[in-house]
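Right, dumping it as C-alpha cells:
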C-alpha cells in the first residue's frame, strides 16, 4: 500500500523521480514474497484483509515542500510515502520518530492478458488515506498501488491466488476476489504475461 529508496541521500537527490513514483520498496516490500507452495499454504491460513507482515523503522527524512516522509527500516530498503492529501501528518511527526507498520494482504484490482508484451518492473505509488491521533500515538493508513506487466508462475484456482514475477525477478502472490477478474485468472497459464494492478494497504503507528 510506499516505495523504497536505498538511502535517504539518494532519495533526496532524485526527489523528482520519487514524486512521480513515490517509492516504497518496490518489489522488495515484505508483501507476500514467497515460493508458490509457501504462498498457497500461507493464504489458506490467512483471511483476506489480515496483517501479513510487520516491521519497525525510524523517520529519517521529512520533505515539507513535497509532502513526503521517508522511513529507514534496518536491513531493508527505505520506505517513502506521500501525505499530500493529509498534510496534517507533517505537523505531528518528526525525524527520529519510531513507528511500526502492519501490512495487509494485497488484492488485485486490474488483470488483463498481455501476450507478447515485455515483462516490466512493477511501479507503485503510496499515499496516506486516513489519519487519527491518540493520547500515546499517531495512526495513519497508507494505500499502495502496484502496476506493470508480469509473468504468471502459478495459478491456485482453489484459493484464487495468483503468483507472478516481474522484471526484477521478485515473486509476489496476490489474491483475486472480484468475479470478473477471477474469470480472467481462470484462463491464465504458467508463463502467461499479464498486465496487473493490485493494491496493498498498511497501518502505521507512530509511538511517543
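Residue numbers (the numbering used here): 1 to 208.
For each residue, glycine too, the CB sits at the ideal point set by N, CA and C.
Predicted, not measured: the structure shown is a model, and the values here were computed from it.
Q) Using the beta-carbon count (16 or more within 10 Å), is residue 56 buried or exposed? A) Here residue 56 is taken as the residue at index 56 of the chain shown, counted from 1. Exposed, because fewer than 16 other Cβ atoms sit within 10 Å of the Cβ of residue 56.
Q) CB residue 206 to CB residue 105, shorter than 7 Å? A) For the purposes of this step, residue 206 is identified with residue 206 of the chain shown, where counting begins at 1. For the purposes of this step, residue 105 is identified with residue 105 of the chain shown, where counting begins at 1. No, these two residues do not count as a Cβ contact at 7 Å.
Q.
Just to confirm before moving on: does the CB-CB distance between residue 172 and residue 164 stay below 7 Å?
A. Taking the first residue of the chain shown as 1, we reach residue 172 at position 172. Taking the first residue of the chain shown as 1, we reach residue 164 at position 164. In this structure, residue 164 lies closer than 7 Å to residue 172 by Cβ.
Q | Sheet register partners of residue 150 (DSSP bridge) | A | Numbered from 1 along the chain shown, position 150 holds the residue referred to as residue 150. Note: residue 150 sits in a beta bridge opposite 194.
Q: Write down every uninterrupted run of the beta strand (DSSP E) in the stretch 53-95 whose length is 3 residues or greater and which is fully enclosed by it, in chain order.
A: 68-72 and 78-82
Q: Kindly indicate which three-state DSSP category residue 122 falls into: helix, strand or coil?
A: For the purposes of this step, residue 122 is taken as the residue at position 122 of the chain shown. It is coil, neither helix nor strand.
Q: Compare the C-alpha of residue 167 against each of 148, 82 and 71 and name the closest.
A: For the purposes of this step, residue 167 is taken as the residue at position 167 of the chain shown. Of the candidates 148, 82 and 71, the one whose C-alpha sits nearest the C-alpha of residue 167 is 148.
Q) At a cut of 8 Å, does the stretch 108-118 reach the stretch 188-200 through at least three beta carbon pairs? A) yes
Q: Would you kindly report the start and end of the unbroken beta strand (DSSP E) that includes residue 184?
A: Position 184 of the chain shown holds residue 184. Premise fails: residue 184 lies in the alpha helix (DSSP H), 179-186, not in any beta strand (DSSP E).
Q | residue 141 and residue 123 closer than 7 Å at C-beta | A | Walking along the chain shown from the start, residue 141 turns up at place 141. Walking along the chain shown from the start, residue 123 turns up at place 123. Their beta carbons are not under 7 Å apart, which means residue 141 does not touch residue 123 by this criterion.
**Q.** Nearest neighbour of residue 155, chosen from 70, 178, 186 and 145 [CA to CA]
**A.** Reading the chain shown from its first residue, position 155 is the one you call residue 155. For the residues 70, 178, 186 and 145, the minimum Cα distance to residue 155 belongs to 186.
(Q) What does the Cβ neighbour count give for residue 71, buried or exposed, with the cut at 16 atoms within 10 Å? (A) Translated into the one-based positions of the chain shown, residue 71 becomes position 71. Buried: at least 16 other Cβ atoms inside 10 Å.
Q | Element boundaries [beta strand (DSSP E), containing residue 113] | A | Within the chain shown, the letter at position 113 stands for residue 113. Run containing residue 113: 107-113, per the beta strand (DSSP E) assignment.
Q) Would residue 144 be called buried (16 or more neighbouring beta carbons within 10 Å of its own) or exposed? A) Working through the chain shown from its first residue, we reach residue 144 at position 144. When all chains shown are included, residue 144 counts as buried.
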